[in-house]
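Take a look at the structure below.
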Amino acid sequence: MVDKPEVSVLLLDDDPFMLKLLGLVLAGLGYTGVTGCESGRAALDWIDAAERAPDLILLDLNMPGMDGVEFVRHLVDRRYGGALILVSGEDDRMLLAAESLVRAHRLTVLGRLHKAVTPAALAALLEPWVPRALDRPTVAKRLYPADEVRAAIVNGELENHYQPTVVVASGRVVGVEALVRWRHPVDGMVYPDQFIGVAEDHGLIGALTMAVLRAALTQARRWRDAGLALRVAINVSMDDLAALDFPDVVAAQAAAAGVPPEAVVLEVTESRLMKDLRTPLEVLARLRLKRFSLSIDDFGTGHSSLAQLRNFPFDELKVDRGFVHGACADETLRAIYDASLGLARQLGMGIVAEGVEDLADWDFLRRTGCAMAQGYFIARPMPADAVPGWIPAWESRSRDERLLPPDTGIEPS
Ligand code: C2E
Ligand code: MG
Ligand code: MG
27 MVDKPEVSVL LLDDDPFMLK LLGLVLAGLG YTGVTGCESG RAALDWIDAA ERAPDLILLD
87 LNMPGMDGVE FVRHLVDRRY GGALILVSGE DDRMLLAAES LVRAHRLTVL GRLHKAVTPA
147 ALAALLEPWV PRALDRPTVA KRLYPADEVR AAIVNGELEN HYQPTVVVAS GRVVGVEALV
207 RWRHPVDGMV YPDQFIGVAE DHGLIGALTM AVLRAALTQA RRWRDAGLAL RVAINVSMDD
267 LAALDFPDVV AAQAAAAGVP PEAVVLEVTE SRLMKDLRTP LEVLARLRLK RFSLSIDDFG
327 TGHSSLAQLR NFPFDELKVD RGFVHGACAD ETLRAIYDAS LGLARQLGMG IVAEGVEDLA
387 DWDFLRRTGC AMAQGYFIAR PMPADAVPGW IPAWESRSRD ERLLPPDTGI EPS
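Each residue of the sequence shown is one higher than the one before, starting from 27 at the first, in my numbering.
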């Protein structure tokens, strides 16, 4: 038996007997830093108060109140970087489906356990596991303090990269999505997951969005002047939609840059549960009236995807990459992908599949009739000046690699 004192394990199960049992099994395996919680709420409180997140959570899926799937959503909000083991008394299908969902959130799943859990089954899952705390002592990625993020915005250290979106049937390039990066004077290129959340939590997201929007509109104008009429998408936070003057500010910026609103897409992620939907609803409705396009981003991972669709005037749906990459080979992902496609059709919305990473994904979109695609297979996000050269390269690549049906070819843009 090896002591694993630095590894912290959280047990979440509404059954106190299970907590005791799992605790004993883990102690027998040398895990001493084990905490048990009987409800999702108690577990979240514990996580929020703890110095660092647990390395492993054993999660019961069936709990009264907050169930295991909802708890996972809260872990995603907290950018949980540890591992999970799913425990359930339900049949294997239920456990498998839950595992696919959790993986779609890009969390690490060590495995599934059926109740009643046997020590041997738990030991088998834990045996090959290298806990994060022992593997990488410095833990996950660094989050930047708010004043550094503020300074970066003010000093103009943020820059947009652009990732193309193409029509699946024809290969035609429809537009680009602006993805912000921070050119950090010391750390080099810093990616949005390390500062967007900080900006949101400290009231800086409005300024950040404006910086991104202004740069994207200026760039869109330059491309138009060079004969490239690209749609430009920018990501807006739910917090941006809490400002009633947001539509006027966006409209003024677009007008000043000389970019028509039809060529601007605002992508909204349901990153957090909105208590009061009245203001965002009004803001989105006014943006629509001003002829901006509205896209619901990361569809399928949000708090209440369906409810939001019913209430908000979105005209495009972006299926989260968690349900696209590998969907052709995974029943659960495929079911969510199919449902998203069906919903978009029913509601007359455009659809973009994100996270197209390989030829299998691309062929899957073609077979299933998905309208638009974005992903590493097509292009990675790139600096603005790489975009004009990428377009002809993509056109010849899609011909050479026969990515399109022989009769279509690429339409002239
Ligand atoms: P998103 O809007 O869903 O953007 C897509 C993210 O997926 C980008 O990550 C992109 O680089 C990545 N991606 C694209 N294709 C693939 C693929 O084939 N495979 C995989 N694994 N990943 C792919 P990035 O640039 O790190 O941005 C992450 C998120 O940060 C964005 O997700 C968006 O929610 C947020 N974000 C980025 N820029 C902004 C911004 O200006 N404002 C706000 N509020 N959020 C932003
Ligand atoms: Mg986006
Ligand atoms: Mg997305």
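Yeah, the Cβ is synthetic: ideal placement off N, Cα and C, and Gly gets one too.
- If you check the CB distance, A361 and A386 do not come in under 9 Å.
- According to the DSSP assignment, K344 belongs to the beta strand (DSSP E) that extends over 342 to 345.
- Bounds of the beta strand (DSSP E) holding I322 are 319 to 325.
- Setting aside the 5 residues that flank it on each side, F97 is surrounded in the same chain by G66, each with a C-beta closer than 6 Å to its C-beta; the list follows chain order.
- By the Cβ criterion, the region 279 to 293 is in contact with the region 310 to 329, since at least three pairs of Cβ atoms, one from each stretch, lie closer than 8 Å.
- Bounds of any alpha helix (DSSP H) do not take in G201; it lies within the beta strand (DSSP E) bounded by 199 to 210.
- Within the region 398 to 431, the complete alpha helix (DSSP H) segments at least 4 residues long are 413 to 426, listed from N- to C-terminus.
- Annotation: the continuous alpha helix (DSSP H) that includes V128 extends over 118 to 130.
- Membership of R138 in any alpha helix (DSSP H) is not indicated; the residue belongs instead to the beta strand (DSSP E) covering 134 to 140.
- DSSP places E77 in the coil class of the three-state scheme, outside both helix and strand.
- Environment of ligand 2, chain-ordered: N261, E293, D323, taking every residue with Cβ within less than 5 Å of a heavy atom.
- Around the Cβ of V309, a 10 Å sphere holds 16 or more other Cβ atoms; the residue is buried.
- N181 has its CB no nearer than 8 Å to any heavy atom of ligand 1.
- A residue is called buried when at least 16 other Cβ atoms come within 10 angstroms of its Cβ; K344 meets this threshold and is buried.
- Here P407 really is in contact with Q189; their C-beta atoms are around 4 Å apart, less than 8 Å.
- When distances are taken from the beta-carbon of R423 to the heavy atoms of ligand 1, even the shortest one reaches 8 Å or more.
- DSSP, reduced to helix, strand and coil, places H187 within a strand of the structure shown.
- In the displayed model, C63 falls within a strand according to three-state DSSP.
- I322 is the residue among Y402, I322, A353 whose C-alpha sits nearest the C-alpha of V378.
- Rounded to whole angstroms, L84 and P90 show a C-alpha spacing of 17 Å.
- Buried is the label assigned to A353, since at least 16 other Cβ atoms lie within 10 Å of its Cβ.
- Looking only at L367, A204, S34, A252, the smallest Cα-Cα distance to E77 is reached by S34.
- Within 10 angstroms of the beta-carbon of L270 lie fewer than 16 other beta-carbons, which makes it exposed.
- Here DSSP, grouped into helix, strand and coil, assigns D266 to helix.
- Secondary structure at S366: helix, using DSSP grouped into helix, strand and coil.
- Relative to ligand 1, Q372 has its C-beta separated by 8 Å or more from all heavy atoms.
- Within the same chain, Cβ atoms closer than 8 Å to the Cβ of L112 are found at L85, L87, G94, L121, A124, E125, V128, V135, G137, R138, L139, the five residues on either side in sequence being excluded.
- According to the DSSP assignment, G376 belongs to no alpha helix (DSSP H) but to the beta strand (DSSP E) extending over 376 to 379.
- Nearest in C-alpha terms to S424, of all of R198, V291, A149, E153, is R198.
- Contact between V206 and N181 is absent: CB atoms are separated by about 14 Å, not below the 8 Å threshold.
- Around the beta carbon of H228, fewer than 16 other beta carbons sit within 10 angstroms, so the residue counts as exposed.
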